[in-house]
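Residue numbers for the sequence shown follow my numbering, so the first one is 15 and each next one is one higher.
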Amino acid sequence: MTLAKDQQESGFQELRTVCERCGQNRDSTFAKILHRLGALAYYHKEYDTAIQWTRRAISVNSQKRPDTSPSFLTKSYFNLGKIYLDQQDYHSARLLLQLFVEKGRQYPERYEQVAMAYWHLANLFFKESDYQKSIRQAELGASFAERIGHIEFMAANLTEKANCLKEMGDYEQSLTIIRRVTLLFGNSPKPSVELANTYAYLASVLVRLHRFDEAFTAYDKAYQVHKSLQNSNGLSEVTANIGFVYDNYLHQYDKALVQYQKALATIGDDKYGRVRILGNIGEVYSRKKQFRSALNYFQIALDSLHFDDRQKPLAQTEAIQLTPYKEYLLSIIQDKAYTWLDWAKSKPDRQLQFGQLALKSFLTADQIIDVMRFEQVGQQSKLYWRETTHSLYERAIETAFLLKNDEQAFHFFEKSRAVLLNDKLNELGARQHLPIRLAQLEQAFHRRINSLQNELAELKPGRRAYDSTRTALLTEQEKLDSFLKKLEQENPAYYRYKFDNSVPSLAHLQNWLKDRQSTLVSYFVGDSALYILSVEPAATQLVKQSVFAYQKAVQEFVPLCTTSQQNRHFGRYLSVSNVIYNQLLKPLSLSTERVIVSPDYHFIPFETLSRTASQPDFLINYHAFSYGYSATVLLKETAASTSGSSAFLGMAPVHFNPQLQQASLLGSGLVVTKIGKLFSNPTVLTDRAATRRAFQNMAPDHRIVQLFTHAEADSVGREPRLYFADSTLQLSDLNADSPYQTQLIVLSACKTSLGVNQQGEGVFSLARGFATLGIPSVLTTLWSVEDQATYGLTERFYKHLSKGIALDLALRQAKLDWLKTASRADQLPYRWAGMILVGNADPISSPTRMGWWLGSGLVVILAIIGGRQLRRRSKSPKAVY
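See the structure below:
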């Protein structure tokens with residue numbers, strides 16, 4: 015017979031009193047009594063009392079005595095996490111649930127709670143917009159649920175994973191998972207929250223696929239399940255989601271308001287659900303041009319979060335850090351900024367006042383994005399948010415343009431690009447402030463994770479070995495995340511350097527440019543406009559152009575610039591290059607010879623643009639161009655210390671492992687040996703000695719490294735790689751475990767600047783991979799370059815570099831020299847313009863008596879021998895940045 019809850023509580027209170035009188039208050043039995051008292055208080059929603067009893071149970075079982083129970087201790091951690099979850103103290107809940115799964119997964123009798131805890135964690139990370147981390151929790155939860163055959167928790171975790179994939183744009187995989195989950199429940203499923211959530215998630219994916227009738231049917235099923243369970247919060251969430259469809263997809267705003275108001279009436283005590291609905295209502299009024307009503311609803315939502323967006327930046331950052339579910343906060347602030355901007359544009363007489371209010375909201379949104387990025391650990395989650403926030407930065411730049419505020423425009427330009435690369439460089443600096451032991455521990459984590467990733471790649475999905483290895487990998491990644499968070503908390507200098515998100519001032523940048531007699535030109539390619547910001551030593555200029563005309567011209571220009579089509583359609587090439595020149599550079603009236611371009615989306619060689627459409631008048635005759643990921647990154651790219659490093663390492667595999675299916679580079683061994691003779695005590699590795707391991711072990715300690723090998727990359731998803739005699743080195747294999755004593759890398763192999771284009775970050779190419787190691791300058795290629803042109807340009811580049819001039823000037827002069835003696839065919843831009851400089855263009859230190867001694871430079875030359883073989887493999891290489 016089971017006693018009623020109040021009778022149980024009375025009985026446990028009597029037991030507790032007896033135990034305390036007898037002094038038996040430190041064993042596992044007493045801990046279970048305290049634990050049960052906490053559970054009963056939780057049942058009555060007496061949360062403070064529940065916390066007190068549960069914490070006391072934890073205190074008893076935490077003592078290292080033979081009569082305590084470590085397994086039951088973990089159950090108390092789980093209960094305490096659940097209590098904080100119901101109190102909507104999500105930070106405390108997450109910490110306790112993470113502690114529980116770390117300890118509880120050791121005990122099979124706790125697997126059910128482990129599966130449930132991972133589900134809660136997946137949901138918490140989802141609401142924090144760390145989708146990659148959420149997926150990891152959900153996969154672990156599903157794994158534990160499968161071990162014990164718990165269908166509901168398998169379904170709960172898998173639907174959470176599907177929801178993350180949906181948000182990241184992988185709709186088909188998300189739909190496949192949800193279809194699989196519905197099969198788990200059988201033909202006559204029992205009503206449950208998990209079943210209702212499955213229907214709701216299915217509906218949300220169908221909405222993204224614009225299958226609205228099917229979506230409404232699925233939402234109705236979810237609604238009916240919640241109704242049978244008398245779950246008011248569930249009913250409210252489904253109703254709000256239906257309103258969202260009418261609002262954002264069908265644009266039936268009055269119907270959306272009806273659904274939102276209905277959801278608001280049934281939301282109950284779910285504070286964050288209420289905030290979401292209030293924000294959505296405000297967004298509808300903004301779209302209906304009822305700006306005052308929209309702002310009122312946004313303010314009510316912010317008041318519900320106890321967030322004051324009028325605070326000073328430092329206090330505001332602290333408030334953001336303390337706010338759970340930052341995606342909701344960002345959405346409200348972003349919509350508030352959009353509303354002020356739209357109102358400013360509709361009211362010319364109040365444009366300045368409303369524009370300033372929009373600008374303030376955009377700066378707050380920017381702060382929120384920074385905090386969210388620092389809290390997320392998965393690169394895919396970070397990349398998702400880089401893409402998602404691109405439109406926010408476009409409208410922020412539009413606001414600065416409206417206000418004629420170049421300083422703030424520069425800030426938003428910088429925050430819209432290469433932020434993750436900047437984070438990597440910050441991390442390199444932060445590691446210098448770690449004790450050696452901790453740095454070694456971090457490297458050990460990375461090695462174990464890399465080993466498990468390699469092991470997993472060799473296994474077949476669906477097999478037991480694959481599942482166990484994947485679980486081990488996910489667990490190891492969780493341990494690394496916890497280790498890094500602990501580092502950040504216990505090492506203030508490490509934290510300060512790693513999370514430095516400051517943008518240099520325009521004055522600082524202008525002083526830097528003045529020392530180099532250079533101009534920085536940044537581009538932002540938005541959905542509705544193209545913005546150009548020119549920063550000269552004594553002036554700035556912000557220009558707005560048609561993005562549609564620009565996109566049309568570039569799409570025609572790229573294939574004409576990078577292939578032999580240029581020869582057959584040279585007249586058209588000149589015309590299009592002149593159109594782009596008129597859009598991108600002519601309005602700026604540049605006054606300096608040296609120009610640094612910070613591109614967005616497309617990476618084109620500016621020196622091939624013609625000032626006239628009727629005859630070749632290329633910009634290489636007037637300017638030396640280099641390229642930078644951002645001004646923030648550029649100002650951090652300084653020369654590495656070269657003390658103790660060797661001068662030259664030359665590598666030429668010549669012949670490759672047959673499994674790699676790469677053509678031999680005959681003659682490359684002779685060339686690398688010849689170059690090595692220009693340096694004191696060179697290290698030259700050819701044929702079988704030119705292995706991947708040799709490069710990884712020796713390159714970091716050499717100032718100059720030259721590689722003659724193959725490279726491979728594309729813009730559709732294959733990971734960029736370099737070829738060595740025995741195997742390949744992929745972009746993800748580049749790591750900073752050993753600090754590189756390097757300044758300059760010259761990647762003369764084909765397509766070393768190609769890779770997957772990540773909006774707001776640029777191309778994830780081999781060139782960018784080396785930049786993440788802290789190497790400040792990379793000479794790289796945009797397309798496959800003919801071998802003779804490669805040799806001729808490279809030799810001329812080093813000739814001028816040895817004179818101690820800047821890198822961009824040396825490269826420009828090499829190309830001008832080439833053009834003076836080149837045949838008519840070799841004067842076509844696609845023959846000589848593929849090699850570009852990315853990063854710091856400062857000169858290498860002065861040459862010594864040998865002329866070719868570049869004391870503090872690292873040169874990696876990846877030369878492809880045999881242009882004829884290369885042309886047979888790829889007749890139309892891509893050159894989109």
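C-beta atoms are modelled at their ideal positions from N, C-alpha and C, and glycine is treated no differently.
**L111 versus V647 - alpha carbon distance** = 38 angstroms
**Message:** When you compare the stretch 172-191 with the stretch 225-233, are there three or more beta-carbon pairs, one atom per stretch, that lie closer than 8 angstroms?
**Reply:** no
**Request:** Compare the Cα-Cα distances from I819 to each of Q710, I858, S318 and report the closest residue.
**Result:** I858
**Which of helix, strand or coil DSSP assigns to I618** = coil
**Prompt:** In three-state DSSP terms, what is E726?
**Reply:** strand
**Message:** With DSSP as the reference, identify every bridge partner of E550, one or two as the case may be.
**Reply:** A553
**Asked** So S532 and T606 are in contact, right, with Cβ under 8 angstroms, and what is the actual spacing, rounded?
**Response** 6 angstroms
**Request:** Go through its chain and collect everything with a Cβ distance to L247's Cβ below 6 angstroms, but skip five positions before and after it.
**Result:** According to the sequence as given, residue 247 is Asn; it is not Leu. Closer than 6 angstroms at Cβ, skipping near neighbours: G282, D284.
**Asked** Is the number of C-beta pairs between the stretch 90-97 and the stretch 58-76 that are closer than 8 angstroms three or more?
**Response** yes
**Asked** When you compare only the Cα positions, how much space is there between G118 and N211?
**Response** 26 angstroms
**Sequence ranges, alpha helix (DSSP H) only - wholly within the stretch 270-317, length at least 4** = 285-301
**Request:** Identify every residue that forms a DSSP beta bridge with T576.
**Result:** Answer is none; T576 lacks a bridge partner.
**Message:** Per DSSP, what are the beta-bridge partners of R735 in this structure?
**Reply:** E726, Q744
**Endpoints, alpha helix (DSSP H) assigned at T68** = 61-75
**Request:** May I ask which residues mark the beginning and end of the alpha helix (DSSP H) holding T353?
**Result:** 340-360
**Message:** Taking the beta strand (DSSP E) that T794 belongs to, which residues open and close that run?
**Reply:** 791-795
**Request:** Below 8 angstroms CB to CB, which residues in the same chain sit around T626 once its five sequence neighbours on both sides are set aside?
**Result:** L588, N592
**Item:** Rounded separation between S405 and K566 - CA only
**Value:** 20 angstroms
**Request:** Let me know the alpha helix (DSSP H) ranges lying completely inside the stretch 190-222, each 4 residues or longer, listed in chain order.
**Result:** 207-222
**Request:** Could you check how far apart the C-beta atoms of K361 and F368 are, in whole angstroms? I think they sit under 8 angstroms.
**Result:** 6 angstroms
**Message:** Alpha carbons only, please: which of A739, D541, V535, R582 is nearest the one belonging to F639?
**Reply:** V535
**Item:** Extent of the continuous beta strand (DSSP E) to which Q112 belongs
**Value:** That residue, Q112, is in no beta strand (DSSP E); its alpha helix (DSSP H) goes 104-118.
**Request:** Closer than 6 angstroms by C-beta to R462: which residues in its own chain qualify, once you throw out the five before and the five after it? Chain order, please.
**Result:** E490
**Item:** P619 to A414 span [Cα, whole Å]
**Value:** 29 angstroms
**Message:** Taking the straight line between their C-alpha atoms, what separation do you get for L466 and D481?
**Reply:** 12 angstroms
**Prompt:** Should the stretch 352-359 be called in touch with the stretch 372-386, which here means at least 3 C-beta pairs below 8 angstroms?
**Reply:** yes
**Request:** Can you say whether F722 is buried or exposed, counting buried as having 16 or more other CB atoms within 10 angstroms of its CB?
**Result:** buried
**Request:** Have a look at A45, R108, G52 and flag the residue whose alpha-carbon is nearest the alpha-carbon of Q77.
**Result:** A45
**Prompt:** For L48, does the three-state DSSP call read helix, strand or coil?
**Reply:** helix
**Request:** Could you check the C-alpha separation between P338 and L758 for me, to the nearest Å?
**Result:** 44 angstroms
**Request:** Using beta-carbon positions only, say whether D380 and G293 come within less than 8 angstroms of one another.
**Result:** no
**Prompt:** Are the stretch 843-851 and the stretch 609-619 touching, with three or more C-beta to C-beta distances below 8 angstroms?
**Reply:** yes
**Asked** Can you pull the DSSP bridge partners for S640?
**Response** I610
**Asked** Which residue from L366, A329, I383 puts its Cα closest to that of I346?
**Response** I383
**Request:** Count the C-beta pairs between the stretch 414-431 and the stretch 164-181 that are closer than 8 angstroms, then say yes if the count reaches three, no if not.
**Result:** no
**Message:** Along the chain, where does the beta strand (DSSP E) containing Y537 start, and where does it finish?
**Reply:** 532-539
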